[in-house]
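A.B. asks:
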Amino acid sequence: MESERKREGIRLVVAEDRPFIRPLLTAGDQPEEGYVVITTARTGEGALEIARELAPDCLVIDASLPDTARVLRVAERQPICALVVVCSPSASSAAGKQGSLVELARQGAIVYSSPAPASQDLIYAIEAACGCFKRERALHERIQQLEERMETLRLTDRAKSLLMQQGLTEEEAFSLLQKTAMNTRRPLRAVAEAIILTPPQP
455 MESERKREGI RLVVAEDRPF IRPLLTAGDQ PEEGYVVITT ARTGEGALEI
505 ARELAPDCLV IDASLPDTAR VLRVAERQPI CALVVVCSPS ASSAAGKQGS
555 LVELARQGAI VYSSPAPASQ DLIYAIEAAC GCFKRERALH ERIQQLEERM
605 ETLRLTDRAK SLLMQQGLTE EEAFSLLQKT AMNTRRPLRA VAEAIILTPP
655 QP
């Protein structure tokens, strides 16, 4: 699956209600090399629904859409893919109604604004957004792994304490936990939780 996505290129969903962004990503009728616009939507909400279904690499959204800020707030709470907000020269007043460009950036998007939007500049913005998203996701996964490890250690210590109250040494208690996990083919955390929920009787 991953190799197929790499061969296909960076998969994009574009949200715009006028032909502004997509022409920047194509040369004539051909997509920019390495980039595939898999579909477009006329609203930010519509693009968000598509992104949930198709899991693209990046959502590119026109800042002038009335629901852009709301979409970014949703995406900030539930990240799906990288985000690039494109501000056209005529979009400044619309963006102002939604909040400053700085505020849009604070909501997790890469903001691309230029008096004369250019294809290569937009591609750089997409690449930056995809890179940031991958790093953030990797960091989030690492944090989750560390939290899981800390919780396992906490539960293991509590289970050892209960076993030591039955006369086992700390080494014997930990050895028992490990052997039980190995014999029952369960994670150490699950074994510790079972002992905590149903502590051994004296």
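With my numbering applied, the sequence shown corresponds to residues 455 to 656, in that order. The beta carbon of each residue, even a glycine, is placed where N, CA and C say it ideally should be.
Is the separation between the beta-carbon of Val538 and that of Ile564 shorter than 8 Å?
C.D. replies: Contact flag set, yes.
A.B. asks: Taking buried to mean at least 16 other C-beta atoms within 10 Å of its own C-beta, is Lys614 buried or exposed?
C.D. replies: By the neighbour-count rule (16 or more Cβ atoms within 10 Å), Lys614 is buried.
A.B. asks: Exposed or buried, what is Tyr578 when buried is set at 16 or more other beta-carbons lying within 10 Å of its beta-carbon?
C.D. replies: So Tyr578 counts as exposed.
A.B. asks: What is the residue span of the alpha helix (DSSP H) that Ala583 lies within?
C.D. replies: Residues 573-618.
A.B. asks: Evaluate Ser518 with the Cβ neighbour count: other Cβ atoms within 10 Å of its Cβ, from every protein chain shown; 16 or more gives buried, anything less gives exposed.
C.D. replies: Buried, by the Cβ-count rule.
A.B. asks: Between which two residues does the alpha helix (DSSP H) holding Ile649 run?
C.D. replies: From DSSP, the alpha helix (DSSP H) with Ile649 extends over 642-651.
A.B. asks: Per DSSP, Ile515 is paired with what?
C.D. replies: Its beta-bridge partners are Ala469, Val539.
A.B. asks: Pull the bridge partners of Val491 from the DSSP assignment, please.
C.D. replies: DSSP lists Leu466 as partners of Val491.
A.B. asks: Using 8 Å as the Cβ pair cut-off and three pairs as the minimum, do the region 582-599 and the region 488-504 touch?
C.D. replies: Taking 8 Å as the limit for Cβ pairs, the verdict is that the region 488-504 does not touch the region 582-599.
A.B. asks: Determine the extent of the alpha helix (DSSP H) in which Ile504 is found, giving its start and end residues.
C.D. replies: Segment 498-508, the alpha helix (DSSP H) holding Ile504.
A.B. asks: Which residues does DSSP list as the beta-bridge partners of Ile564?
C.D. replies: Paired residue(s): Val538.
A.B. asks: Could you check if Ala523 is buried or exposed, using at least 16 other CB atoms within 10 Å of its CB as the buried criterion?
C.D. replies: With 16 or more other Cβ atoms within 10 Å, it is buried.
A.B. asks: At which residues does the alpha helix (DSSP H) containing Phe657 begin and terminate?
C.D. replies: Beyond the ends of the chain as shown, which are 455 and 656, falls residue 657; an answer cannot be given.
A.B. asks: Please check the pair Gln635 and Leu609, which I expect to be a contact at CB under 8 Å, by giving their CB distance rounded to whole angstroms.
C.D. replies: Inspection of the sequence shows that residue 635 is occupied by Ala rather than by Gln. Between Leu609 and Ala635 the Cβ distance is about 12 Å, and since that is not below 8 Å, they are no contact.
A.B. asks: For the alpha helix (DSSP H) that Thr623 lies in, which residues bound it at each end?
C.D. replies: Taken as a continuous stretch (DSSP letters only), Thr623 belongs to no alpha helix (DSSP H), as it is neither H nor E.
A.B. asks: Label Asp516 either buried or exposed according to how many other C-beta atoms from any shown protein chain fall within 10 Å of its C-beta, with 16 as the threshold for buried.
C.D. replies: Classification for Asp516: buried.
A.B. asks: Once you ignore the five residues that flank Leu631 on each side, which residues in its own chain have a CB closer than 8 Å to its CB?
C.D. replies: The residues are Thr610, Ala613, Lys614, Leu617, Leu642, Val645, Ala646, Ile649.
A.B. asks: How about Leu502 and Ala536: are their beta carbons less than 8 Å apart?
C.D. replies: Cβ distance not < 8 Å, so Leu502 and Ala536 don't count as in contact.
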